[in-house]
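A short worksheet on the structure shown next.
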Amino acid sequence: MGCDASILLNATDSSNPAEKDAIPNSFLRGYKVIDTIKANLEKACPSTVSCADVLALVVRDVVSLVGLLILVPQVPTGRRDGRVSIMSEALNMLPGFTANISSLKSQFAAQGLSVKDLVVLSGAHTLGNAHCFTVTNRIYNFSGRGDNTDTDPALDKTYVPKLRGKCSPLPADAIKPIEMDPGSFLSFDNSYFTLVSKRRGLFESDAALLDDPETRAYVLRQANAPPTEFFEDFGVSMVNMGNIGVLTGSQGKSGSSVPSGTRVFTSLPNGKK
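In UniProt numbering, the protein residues as written are 1 to 273.
Next up, the structure:
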């Protein structure tokens, strides 16, 4: 698993689930958009641009558009596409929404990312929706007492009624969408850090950023800083993340691979690519 477009691969059969089948990835959208871009690229310049590079450049441009940025980071290209996609790798390597700060730091360090990268990239939660199951435990019966006051102590208690108004504990509400950055979920800005600084981050992993002196200091600074500082930092950390597990040389497939709609393997011995 890495920045090799393996998230685009479909499972070959039900016994070999792919990365996209992992619960954290099950709500991802936009696959057809990537397929369309790749198909158009193949018509314009065959055997040149990999799906992995398409994904990296799309992320850059989306962040630029929704953040109204004029300057965007120079994103390195030349990635090769992976041929392996294994669900267990996604489950083991993706940070969970209930992760504590120790787990988060360990997972990011294992990928060569710094503590600053951790908190900067968490700022991407300023965009989009999550689902109610990611917060239900924090606002209902957090420790198992079963009473109405049993909420996550790391969460601002005055904010709990608003969250409960959006998410009930009923199973039918589990996949109901909820904004990660209410009022600003369609804009890339630094308002996420204001929420977290007020103990109103949606996930337990958001709240965990206040449990470490270094991540806490960055959160508090960005909560009161012009957004341009965060934009610049995010550009750097985005490039750092985009360099995780990049395939080069004879690894994977080059731009000569067919559009991302073509699927190859979901398992190889020892997970080799």
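Even for Gly, the Cβ is constructed at its ideal location relative to N, Cα and C.
Item to complete: Using 10 angstroms around the beta-carbon of Val-236, count the other beta-carbons present and answer buried if the total reaches 16, otherwise exposed.
Response: For the purposes of this step, residue 236 is taken as the residue at position 236 of the sequence shown. Around the beta-carbon of Val-236, fewer than 16 other beta-carbon atoms lie within 10 Å, marking it exposed.
Item to complete: Would you tell me roughly how many angstroms separate the C-alpha atoms of Thr-194 and Ser-187, rounded to the nearest one?
Response: Residue mapping note: residue 194 aligns to position 194 of the sequence shown, counting from 1. Residue mapping note: residue 187 aligns to position 187 of the sequence shown, counting from 1. Rounded to the nearest whole angstrom, the C-alpha separation of Thr-194 and Ser-187 is 14 Å.
Item to complete: With Ala-130 as the anchor, note down where its beta strand (DSSP E) starts and where it stops.
Response: For the purposes of this step, residue 130 is taken as the residue at position 130 of the sequence shown. It spans 129 to 131 - the beta strand (DSSP E) in which Ala-130 sits, taken as one unbroken run.
Worksheet item: What does a CB cutoff of less than 6 Å around Met-238 pick up in its chain, not counting 5 residues either side in sequence?
Response: For the purposes of this step, residue 238 is identified with residue 238 of the sequence shown, where counting begins at 1. Around Met-238: no qualifying Cβ.
Worksheet item: Just to confirm, are Ser-197 and Leu-220 a CB contact at a threshold of 8 Å?
Response: Against the sequence shown, residue 197 aligns to sequence position 197. Against the sequence shown, residue 220 aligns to sequence position 220. In this structure, Leu-220 lies closer than 8 Å to Ser-197 by Cβ.
Worksheet item: Taking the alpha helix (DSSP H) that Pro-227 falls in, what are its first and last residues?
Response: The count along the sequence shown starts at 1 and reaches residue 227 at position 227. Boundaries of the alpha helix (DSSP H) harbouring Pro-227: 227 to 242, taken from the DSSP string.
Practice prompt. Name the residue from Ala-154, Val-62 and Asn-129 whose alpha carbon lies nearest to the alpha carbon of residue 343.
Written response: Nothing can be reported for residue 343, as the shown portion of the chain is limited to 1 through 273.
Fill in: Contacting residues, own chain, Cβ-Cβ under 7 Å from Phe-97 (five flanking each side not counted)
Position 97 of the sequence shown, counted from the first residue, corresponds to residue 97. So the qualifying residues of the chain are Thr-134, Phe-203, Glu-204 and Ser-205.
Worksheet item: Rounded to whole angstroms, how far is the Cβ of Phe-185 from the Cβ of Gly-146, which I believe are closer than 8 Å?
Response: As a position in the sequence shown, residue 185 is number 185, starting the count at 1. As a position in the sequence shown, residue 146 is number 146, starting the count at 1. Rounded, the Cβ-Cβ distance is 32 Å, inconsistent with contact.
Item to complete: Out of Tyr-140, Ser-122 and Lys-157, point me to the one whose CA is closest to Gly-181's CA.
Response: Residue 181 sits at position 181 when you count from the first residue of the sequence shown. According to the sequence as given, residue 181 is Asp; it is not Gly. Put simply, of Tyr-140, Ser-122 and Lys-157 the residue whose alpha carbon is nearest the alpha carbon of Asp-181 is Ser-122.
Worksheet entry | Option in Thr-149, His-131 and Leu-113 with minimal Cα separation from Pro-177 | The count along the sequence shown starts at 1 and reaches residue 177 at position 177. Residue His-131 is the option with its Cα nearest to Pro-177.
Worksheet item: Between the beta-carbon of Gly-245 and the beta-carbon of Cys-3, is there less than 8 Å?
Response: As a first step, residue 245 is located in the sequence shown; it is residue number 245 there, counting from the start. As a first step, residue 3 is located in the sequence shown; it is residue number 3 there, counting from the start. A contact, by the Cβ cut-off of 8 Å.
Worksheet item: Taking the C-alpha atoms as reference points, what is the distance between Asn-148 and Asp-173?
Response: Walking along the sequence shown from the start, residue 148 turns up at place 148. Walking along the sequence shown from the start, residue 173 turns up at place 173. When rounded, the separation of the alpha-carbon atoms in Asn-148 and Asp-173 is 18 Å.
Worksheet entry | Test item: CB-CB of Cys-51 and Lys-38 under 8 Å | Looking up residue 51 in the sequence shown gives position 51. Looking up residue 38 in the sequence shown gives position 38. Contact: yes.
Worksheet item: Considering only C-alpha positions, which residue in the set Arg-200, Asp-117 and Gly-30 is nearest to Pro-161?
Response: Counting from one through the sequence shown, the residue named residue 161 turns up at place 161. Among Arg-200, Asp-117 and Gly-30, the Cα nearest to that of Pro-161 is on Arg-200.
Fill in: Sequence-distant residues of the same chain with beta carbon closer than 7 Å to Leu-268, five excluded per side
Position 268 of the sequence shown holds residue 268. Bear in mind that the predicted position of Leu-268 carries a pLDDT of just 39, short of 50, making it too unreliable to give a figure here.
Worksheet item: Which two residues bound the contiguous beta strand (DSSP E) that contains Glu-179?
Response: Numbered from its first residue, the sequence shown carries residue 179 at position 179. 177 to 179 is the extent of the beta strand (DSSP E) around Glu-179.
Item to complete: Check Arg-221 in the structure and name its three-state DSSP category.
Response: If you number the sequence shown from 1, residue 221 lands on position 221. In this structure, Arg-221 counts as helix in the three-state DSSP scheme.
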